[in-house]
Structure formats: structure tokens, C-alpha cells
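**Q** Residue numbers (this note's numbering): 375 to 460. All residues carry an ideal CB built from backbone N, CA and C; glycine is no exception.
Given below as C-alpha cells:
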């Protein structure tokens, strides 16, 4: 995915894809944070900061969500209801 992003010429699209990539990675870390906390990889302040960053990235990519769904041709039946009003 990162290699494909590097080949994107449109700066706005590249930024949106980078944000989505980062969101995926951070969300994965957040989802597994209990393991990281238990094994001493994360401390509680880092876990909270991770959650805050995921929320911030969600807010950033929110405006592009419909375009991303349409770009990947994801059927609406698979994603539930979508707010088409923006």
C-alpha cells in the first residue's frame, strides 16, 4: 500500500491515502493494546495517546470516507447505512 501511495501524483489523494494507512496501523495497535500493555511494550499514557491519535485521524478522514467507499466500489449492503449528506 505504501509503495502504491508513492506512485500517486495527486497531492490531496496521496495525503488521504497516507492518513488511511496510518489510521489502519494505529487502529491495529489500539485494538491489540491490552497485549502491548501486558507485555510492557506500552504504558498507559502511550495507550491513551494512541487512542487520541486514532480519534484525530478518524476526524481527518471523515470527509473522504464516502469517496473512499465509492473508489473501492464497496457495496452499501456490506457497510451498512452511509450518511450521504456529508
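How is the alpha helix (DSSP H) around residue 425 delimited, first residue to last?
**A** As a position in the chain shown, residue 425 is number 51, starting the count at 1. Element bounds for residue 425: 418–435.
**Q** Could you tell me the alpha carbon to alpha carbon distance between residue 445 and residue 415, rounded to whole angstroms?
**A** Position 71 of the chain shown, counting from 1, holds the residue named residue 445. Position 41 of the chain shown, counting from 1, holds the residue named residue 415. Approximately 37 Å between the Cα atoms of the pair.
**Q** Does DSSP classify residue 377 as helix, strand or coil?
**A** Position 3 of the chain shown, counted from the start, is the residue given in the question as residue 377. Correct three-state label for residue 377: helix.
**Q** Does the region 416–428 come within contact of the region 384–394, defined as at least 3 CB pairs closer than 8 Å?
**A** With the cut-off at 8 Å, the region 416–428 and the region 384–394 do not touch.
**Q** Can you look up residue 453 in the DSSP assignment and give me helix, strand or coil?
**A** Reading the chain shown from its first residue, position 79 is the one you call residue 453. Looking at residue 453 - three-state DSSP - the assignment turns out to be helix.
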